[in-house]
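Engineer:
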Amino acid sequence: MKAEELELLKRYFPEASVAMVGEMYSQRRFKLHFKRPRNSKLGDFRPPRTKNGICTITLNYDLNPYQMLITYVHEVAHYDVYQQYGSRRVQPHGTEWQKLFASLLQPFMVVSIFPKDILEALQKHLQHIKASSTADQNLQRVLRQYDKNTTTVTTVESLPSGARFTLKNGLVFQKGEKQRTRYKCYCESNGRWYFVSALAEAKAM
Numbered sequence: 245m246k247a248e249e250l251e252l253l254k255r256y257f258p259e260a261s262v263a264m265v266g267e268m269y270s271q272r273r274f275k276l277h278f279k280r281p282r283n284s285k286l287g288d289f290r291p292p293r294t295k296n297g298i299c300t301i302t303l304n305y306d307l308n309p310y311q312m313l314i315t316y317v318h319e320v321a322h323y324d325v326y327q328q329y330g331s332r333r334v335q336p337h338g339t340e341w342q343k344l345f346a347s348l349l350q351p352f353m354v355v356s357i358f359p360k361d362i363l364e365a366l367q368k369h370l371q372h373i374k375a376s377s378t379a380d381q382n383l384q385r386v387l388r389q390y391d392k393n394t395t396t397v398t399t400v401e402s403l404p405s406g407a408r409f410t411l412k413n414g415l416v417f418q419k420g421e422k423q424r425t426r427y428k429c430y431c432e433s434n435g436r437w438y439f440v441s442a443l444a445e446a447k448a449m
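When the letters of the sequence shown are read in order and numbered with our numbering, they come out as residues 245 to 449.
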């Protein structure tokens, strides 16, 4: 990669990981874009639109460096699955993707890149890989400690039972009982029931 491209990566990734992040990019053929925050995803992989087109990986630019690195490797694993299997039917986060994700992440699993608490959570995560790091609540709790605005975030699990709150989509809810990793909440806005993640960002009313 060019020097200016490596400097750009230093803005988003742990400094000790930048060389490997750049090498991972240079060994492949995709466009990398940093996007405005999206509520529904941290990043994504998009196959080419045309026969000779180039794949694209996008990442939310507001992620902390450790979340950014995990999400980047997550999407590169999707790229590698696409290159190996093309349009053949494989599950988006099936065995093929899980093996590639674990293999790609392994070289980054050192204390010079990740703090000890994230490393421990990642090691547990790799034993039972979920479709997204956000689906692993233990890992997500640890990662959130490194967000810039960690003191201002209110989560659904931190609210008392029966509390009224809104989510980023503007809908108004009442907090109900916990069902495994989610809370069954009544939506006052449309009269429906939803299972809301315990770690969803909420605004108390």
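We put the CB at the ideal spot given by N, CA and C, even for glycine.
(1) Across which residues does DSSP place N304 in a beta bridge pair?
(2) Would you decide whether Y326 is buried or exposed? Buried here means 16 or more other CB atoms lie within 10 Å of its CB.
(3) State yes or no: is the C-beta of A446 within less than 7 Å of the C-beta of F409?
(4) Round the Cβ separation of L253 and V262 to the nearest angstrom and send it over; I've been treating them as touching at under 8 Å.
(5) May I ask which residues mark the beginning and end of the alpha helix (DSSP H) holding F345?
(6) Any idea if L250 is buried or exposed, counting beta-carbon neighbours within 10 angstroms, 16 or more meaning buried?
(7) Work out the CA separation of R426 and L349 for me, nearest whole Å.
(8) Cα separation between Q342 and D380?
(9) Since N296 and K279 are thought to touch, with beta carbons under 8 Å apart, how far apart are those beta carbons, to the nearest angstrom?
(10) Pick helix, strand or coil for D288, following the three-state DSSP scheme.
(11) Nearest-angstrom Cα distance between A346 and T294?
Structural biologist: Straight from the coordinates:
(1) The residue given as residue 304 occupies position 60 in the sequence shown. N304 is bridged to K279.
(2) The count along the sequence shown starts at 1 and reaches residue 326 at position 82. Answer is buried; the Cβ neighbour count reaches 16.
(3) Within the sequence shown, residue 446 is the residue found at index 202, counting from 1. Within the sequence shown, residue 409 is the residue found at index 165, counting from 1. Yes, Cβ-Cβ distance for A446 and F409 is below 7 Å.
(4) Numbered from 1 along the sequence shown, position 9 holds the residue referred to as residue 253. Numbered from 1 along the sequence shown, position 18 holds the residue referred to as residue 262. With a Cβ gap of about 5 Å, L253 and V262 count as contacting.
(5) On the sequence shown, position 101 is the one that residue 345 refers to. Looking at the DSSP string, the run of the alpha helix (DSSP H) that includes F345 is 339 to 349.
(6) On the sequence shown, position 6 is the one that residue 250 refers to. So L250 ends up on the exposed side.
(7) By one-based count along the sequence shown, residue 349 stands at place 105. By one-based count along the sequence shown, residue 426 stands at place 182. Approximately 28 Å, taken between the alpha carbons.
(8) In the sequence shown, residue 342 corresponds to position 98, counting from 1. In the sequence shown, residue 380 corresponds to position 136, counting from 1. So the two alpha carbons sit approximately 14 Å from each other.
(9) If you number the sequence shown from 1, residue 296 lands on position 52. If you number the sequence shown from 1, residue 279 lands on position 35. About 24 Å; that fails the 8 Å criterion.
(10) To locate residue 288, count along the sequence shown from 1; it is residue 44. The answer is strand: DSSP assigns D288 an E or B state.
(11) Within the sequence shown, the letter at position 102 stands for residue 346. Within the sequence shown, the letter at position 50 stands for residue 294. C-alpha separation (whole angstroms): 30 Å.
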